[in-house]
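Presented below is the structure to which this report refers.
Residue numbers (our numbering): 1 to 276.
Have a look at this one:
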């Protein structure tokens, strides 16, 4: 039951904050539930993919999803994420968590920044002629990061869509959710065979997270989005520093360690106890 309560908190943060809330998934799975890092990243991709897809529906109804841009950016991001998942076998779980901590600190910096002016300016942008080379490069880069650490990367995708395509901010956010969903599922598929997936646990955890999203979406109308994001950014900074501290031994590694065996070290008994 503890696991599903924590899943609902992930959904709650997603509902309150948008895509940025998904960054909680890996720390909760690793540090609260004691899951092995690679498995946690794999499950995070599935959870982020499913929850982002829920967000797409609402944005699509409001015509905030540009399917043309998503169909250009999405496939290359999916390829990058699948590649990132496969590359993860050449990194230890500790090294992936160190990279994840760095991404957390970058995400916190994006959240602290006041984006009100950016949103107003983005509404004035004209649709640009698409630079396909830049889109491919950005999609592959963000995809590889997603595959390696299990985060959606919306804080990187949204500014890229605004700058490279001239999409208004709201439309960029809605489009990014579709891209995040597609590439997260691609990354999850890339991890199948590298880790043993507890399908029953994953399904229940995702459902609990989805319930939290609907609660968060309702509560967000009563709360200050600006204050929420700044408070969450402070939390991310502390969490990022904590993860760096917990994995400090990895700083001394001189070379990448190939991880050839399947990551089957998570404790099935622990999952059964959490389910009880």
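Positions of the beta carbon are idealized from the N, C-alpha and C atoms, including for glycine.
Note that the structure is predicted; figures quoted are calculated from it, not measured.
{"Check": "Under 8 Å between C-beta atoms of residue 33 and residue 77", "Outcome": "no"}
{"Check": "Rounded distance between the beta-carbons of residue 80 and residue 142, thought under 8 Å", "Outcome": "7 Å"}
{"Check": "Beta-carbon proximity list for residue 138, same chain, < 6 Å, skipping 5 on both sides", "Outcome": "160"}
{"Check": "Residue burial classification, residue 200 (beta-carbon count within 10 angstroms, cutoff 16)", "Outcome": "exposed"}
{"Check": "Residue environment, residue 6, which counts as buried when at least 16 other CB atoms sit within 10 Å", "Outcome": "buried"}
{"Check": "Top-ranked residue by Cα proximity to residue 74, from 99, 174, 183 and 197", "Outcome": "183"}
{"Check": "Pair within 8 Å by beta-carbon distance, residue 145 and residue 84", "Outcome": "yes"}
{"Check": "Residue of 218, 62, 130 and 23 minimising C-alpha distance to residue 164", "Outcome": "130"}
{"Check": "Rounded separation between residue 238 and residue 170 - CA only", "Outcome": "29 Å"}
{"Check": "Start and end residues, alpha helix (DSSP H) containing residue 277", "Outcome": "Here the chain comprises residues numbered 1 to 276, so residue 277 is not present and cannot be evaluated."}
{"Check": "Whole-number beta carbon distance between residue 210 and residue 11, since they are thought to touch under 8 Å", "Outcome": "6 Å"}
{"Check": "Minimum length 4: unbroken alpha helix (DSSP H) runs contained in the stretch 152-204", "Outcome": "154-165 and 169-191"}
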